[in-house]
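Data first, discussion second: the structure below is written as structure tokens.
Number of protein chains: 2
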Amino acid sequence: MPEKFSGADVIVLGIDPAIRTTGYGVIRVEGTHIGILDCGTIVNGQKLPHSECVRRIYGGIAELVATYHPDAAAVESPFVGRNASTAIILGMARGALLTALSNAGVPAFSYTPSAGKQAATGRGSATKEQVAVMLSFELGISIEQIPLDSTDALALAICHAQRALHPEYGKLGNPL
Amino acid sequence: MPEKFSGADVIVLGIDPAIRTTGYGVIRVEGTHIGILDCGTIVNGQKLPHSECVRRIYGGIAELVATYHPDAAAVESPFVGRNASTAIILGMARGALLTALSNAGVPAFSYTPSAGKQAATGRGSATKEQVAVMLSFELGISIEQIPLDSTDALALAICHAQRALHPEYGKLGNPL
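Chains Z and R, in that order, are what the protein sequence lines are.
First residue of the first sequence? That's 1 in the numbering used here, and the numbers climb one at a time after it.
First residue of the second sequence? That's 177 in the numbering used here, and the numbers climb one at a time after it.
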């Protein structure tokens, strides 16, 4: 968790995308206070065709953008494995959410999962459970309110806000 | 080129997607007549960020759908190479166009390039130039009106229309 946030307000939407479960988290930094505006997952059942999955991811992200008007989005950089078939499907999920962001004029930046965890917990190798515990402690909310699949997304949002407000924490992620 | 089209009207949008150059072609089959309603490319300069590329692909496909109200879309099945990084980027282009189709309720089917070329020219290994020559001859239009990067898309559209109207030519492509 960053030691300080001050001097500017910022709303950041963090997104951890996948075709079946896309985690999201929206945070607002106001003065020295960080609050979670929303967090959750866009879940697509195993039997849903890809056309329906991308429609739901696009629609879900578009709705979050319309509701919270984020200044920026922090998107998890893809893990590039060896399987090109899997990569195409992950790419489809990314394409859908990036279209929703771009259509609404929200700039998107890419961060590694470990950069997010480092920003949120001080440790890049933290588990989802550890991130959730730390977030609930630091933000004063119940851990039940943080779905595990949204912890990476929340951590990415914190990472971006930290760097946007305090460049000494590191440079912004690659623009998408 | 199919020997006959009759008994039903159908409008098909063929798409050959890539992040930098997406080919498209719209055909209408009316009785025994096939006509090209539109064909061209959505070109994204090398310097455009991916967020802008997917926005333009989404917007271009959405505009074609709004203009021609296709009954279905025929999308080129991806060539799955060994490079997962390239596959993610191709997937992003596919995700953007599939979102545009799905948002508009247009069903999409996947076909291999060779199935398209086989349908359009009788030969699955035809070159883009050969497909263009055959299309201009069969459809009675000038070859200058057919951009080479749209020939695969037009061939896919013909392939889908052929199978949709005459199942003896083969089964429909995999629904996306």
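Note that the Cβ used here is the ideal one computed from N, Cα and C, for glycine as well.
Practice item. Starting from Z/Tyr-58, follow the alpha helix (DSSP H) in both directions and report where the run begins and ends. Key: Here residue 58 of chain Z corresponds to residue number 58 of the first sequence, with the count starting at 1. Note, Z/Tyr-58: alpha helix (DSSP H), 50-68.
Check your understanding: Is Z/Leu-13 closer than 8 Å to Z/Leu-90 when the C-beta atoms are compared?
Key -> Here the question's residue 90 of chain Z lines up with position 90 in the first sequence. Here the question's residue 13 of chain Z lines up with position 13 in the first sequence. The answer is no: Cβ separation not under 8 Å.
Point to revise | Z/Asp-71 versus Z/Leu-176, Z/Ala-119, Z/Ala-164 and Z/Thr-151, residue with shortest Cα-Cα distance | key: For the purposes of this step, residue 71 of chain Z is taken as residue 71 along the first sequence, with counting starting at 1. Taking Z/Asp-71 as reference, the option from Z/Leu-176, Z/Ala-119, Z/Ala-164 and Z/Thr-151 with the minimal CA-CA separation is Z/Ala-164.
Practice item. Could you check the C-alpha separation between R/Asp-192 and Z/Ala-104 for me, to the nearest Å? Key: Counted from its first residue, the second sequence places residue 192 of chain R at position 16. Counted from its first residue, the first sequence places residue 104 of chain Z at position 104. Spanning the two alpha carbons is a distance of roughly 26 Å.
Exercise for review: With 8 Å as the threshold, decide whether the Cβ of Z/Gly-95 is near any Cβ in chain R.
Suggested key: Taking the first sequence and counting its residues from 1, one reaches residue 95 of chain Z at position 95. Yes, Z/Gly-95 counts as interfacial toward chain R.
Check your understanding: Distance, Cα to Cα, R/Leu-311 vs Z/Ser-114?
Key -> Here residue 311 of chain R refers to the residue found at position 135 of the second sequence. Here residue 114 of chain Z refers to the residue found at position 114 of the first sequence. Cα to Cα, the separation comes out at about 53 Å.
Review point. Using 8 Å as the limit for Cβ to Cβ distance, is Z/His-50 near chain R?
Key: Within the first sequence, the letter at position 50 stands for residue 50 of chain Z. For Z/His-50, the nearest CB of chain R lies under 8 Å from its own CB, placing it at the interface with that chain.
Check your understanding: Just reading off the alpha helix (DSSP H) that Z/Leu-165 is part of, what are its end residues?
Key -> As a working note, residue 165 of chain Z is residue 165 in the first sequence. Run containing Z/Leu-165: 151-165, per the alpha helix (DSSP H) assignment.
**Study point:** Against chain Z: residues of the region 188-221 of chain R by CB proximity under 7 Å
**Key:** Result list empty, no residue passes.
Check your understanding: Taking only beta-carbon atoms, is R/Pro-351 less than 8 Å away from chain Z?
Key -> Looking up residue 351 of chain R in the second sequence gives position 175. Answer yes: the Cβ-Cβ gap between R/Pro-351 and chain Z drops below 8 Å somewhere.
Check your understanding: According to DSSP, which residues form a beta bridge with R/Ala-250?
Key -> Taking the first residue of the second sequence as 1, we reach residue 250 of chain R at position 74. Partner(s): R/Gly-190 and R/Phe-285.
Practice item. Would you please verify whether the beta carbon of R/Thr-288 is less than 8 Å from any beta carbon of chain Z? Key: On the second sequence, position 112 is the one that residue 288 of chain R refers to. Taking Cβ atoms only, chain Z never reaches closer than 8 Å to R/Thr-288, which makes this a no.
Point to revise | chain Z residues whose Cβ lies nearer than 7 Å to that of R/Val-230 | key: Counting from 1 along the second sequence, the entry for residue 230 of chain R is found at position 54. Residues of chain Z passing the Cβ test: Gly-95, Leu-98, Thr-99 and Ser-102.
Check your understanding: Closest Cβ-Cβ distance between Z/Val-80 and chain R: below 8 Å?
Key -> Here residue 80 of chain Z is taken as the residue at index 80 of the first sequence, counted from 1. Interface residue (Cβ-Cβ distance to chain R less than 8 Å): Z/Val-80 is classified as such.
Check your understanding: Would the beta-carbon of R/Gly-199 fall within 8 Å of that of R/Ser-326?
Key -> Taking the second sequence and counting its residues from 1, one reaches residue 199 of chain R at position 23. Taking the second sequence and counting its residues from 1, one reaches residue 326 of chain R at position 150. Against a cut-off of 8 Å, the Cβ pair of R/Ser-326 and R/Gly-199 comes out as a contact.
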